[in-house]
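Novice: To start, I am sharing the structure in question, which I have written as structure tokens.
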Amino acid sequence: LTQDELKRIAAYKAVDFVKSGMVLGLGTGSTAKHAVARIGELLRQGKLSNIVGIPTSTKTQEQALSVGIPLSDLDAHPVIDLSIDGADEVDPCLNLVKGRGGSLLREKMIEGASKKFVVIVDESKMVKHIGGSKLALPVEIVPFCWKFTAEKLREVMEGYGCVAKLRLGENGEAFVTDNGNYIVDMYLEKDMGDLRVVSDEILRLPGVVEHGMFLDMASTVIIAGELGVKIKNK
Ligand code: DER
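Every letter in the sequence shown is one number past the one before it in full-length UniProt numbering, and letter 50, counting from 1, is 77.
Next up, the structure:
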């Protein structure tokens with residue numbers, strides 16, 4: 028099975044949790060894309076009805092519109108029944124790294140407002156410790172004096188051997204999020220200690236908007252692998 032087929036299998040499994048009448052948080056990325064497509068398909072087939080989607084990015088908003096999912100937002104629906112989204116990394120306690128697609132702020136707002144948050148991954152996302160896989164730990168920051176904030180981030184994370192890089196878009200300019208902010212990707216050499224302490228130290232920096240560690244937020248993780256699908260609950 029290809030990685031994309033595994034992503035689709037996990038996504039379809041998550042959509043089994045969707046009931047007619049639900050307000051759904053719609054995730055962003057190559058895995059969540061399959062869940063959004065599937066929800067649209069079930070709506071068209073009449074197997075689901077009265078669904079309201081709350082998209083976690085303009086990209087997902089466009090896809091949801093194109094498959095016919097009625098959309099709304101957090102202001103109209105401050106409590107969401109179920110959110111389905113991918114992740115970049117999942118540790119054994121179901122802590123996540125998200126945001127390599129640049130949508131972490133709206134994802135964290137919407138998934139934090141959800142009664143149930145189902146994460147869909149292929150098995151390659153499973154790690155022992157989040158942030159330790161040499162892949163990026165994203166932090167959304169304000170564009171104002173971003174160098175200052177990036178350096179403060181690097182200092183705060185110095186103990187973990189941190190390199191902080193401004194994320195660039197295709198045009199070689201700074202990547203700009205849906206919220207008009209920048210993203211600094213942090214690359215760590217050592218495993219973080221107490222994730223809560225690290226989270227607070229990052230969020231305390233004035234120029235920081237949000238980071239990509241989703242601690243104690245996932246209710247369920249659906250893991251699609253070569254040998255089948257595993258479901259881990261909090
Ligand atoms: O950027 C994001 O937050 C995405 O949801 C990411 O965490 C998962 O993206 P993928 O399903 O394309 O790997």
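For glycine and all other residues, C-beta sits at the position ideal for the given N, C-alpha and C.
In whole angstroms, give me the CA-to-CA distance for Leu53 and Leu33.
Specialist: So the two alpha carbons sit approximately 19 Å from each other.
Novice: Less than 7 Å between the C-beta atoms of Gly129 and Thr29, yes or no?
Specialist: No, these two residues do not count as a Cβ contact at 7 Å.
Novice: Beta carbon of Lys125: closer than 6 Å to some heavy atom of ligand 1?
Specialist: Result yes, Cβ under 6 Å from ligand 1.
Novice: With a threshold of 6 Å, establish whether the CB of Asp112 neighbours any heavy atom of ligand 1.
Specialist: Indeed, a heavy atom of ligand 1 lies less than 6 Å from the Cβ.
Novice: What is the residue span of the alpha helix (DSSP H) that Tyr39 lies within?
Specialist: From DSSP, the alpha helix (DSSP H) with Tyr39 extends over 30-42.
Novice: Indicate whether Gly126 and Gly207 have their beta-carbon atoms separated by less than 7 Å.
Specialist: It is not a contact, given that the beta carbons lie outside the stated cut-off.
Novice: Measure the C-alpha to C-alpha separation of Val225 and Gly56 and round it to an integer number of angstroms.
Specialist: Distance between the alpha carbons of Val225 and Gly56: 26 Å.
Novice: Can you look up Ile107 in the DSSP assignment and give me helix, strand or coil?
Specialist: Looking at Ile107 - three-state DSSP - the assignment turns out to be strand.
Novice: Taking Thr176 as the reference, which of Ile147, Val235, Arg231 has the closest Cα?
Specialist: Minimum Cα distance to Thr176 is reached at Val235.
Novice: Do Gly128 and ligand 1 come close, with the Cβ less than 6 Å from some heavy atom?
Specialist: Yes, Cβ of Gly128 sits closer than 6 Å to a heavy atom of ligand 1.
Novice: Less than 7 Å between C-beta atoms, sequence neighbours within five positions excluded: which residues of the same chain meet that for Thr58?
Specialist: Closer than 7 Å at the Cβ level, and outside the excluded window around Thr58, lie Lys34, Ala37, Ala38, Gly113, Ile147, Val148.
Novice: According to DSSP, simplified to helix, strand and coil, what is Ser226?
Specialist: Of the three classes helix, strand and coil, the one that applies to Ser226 here is helix, per DSSP.
Novice: Applying the 10 Å Cβ sphere with the 16-neighbour rule, what's the burial state of Arg71?
Specialist: Looking at its Cβ environment, which holds fewer than 16 other Cβ atoms inside 10 Å, Arg71 is exposed.
Novice: Which residues in the same chain have their Cβ closer than 6 Å to the Cβ of Asn260, if we skip the five residues on either side of it in sequence?
Specialist: Excluding residues within five positions, the ones whose Cβ falls inside 6 Å are Thr247.
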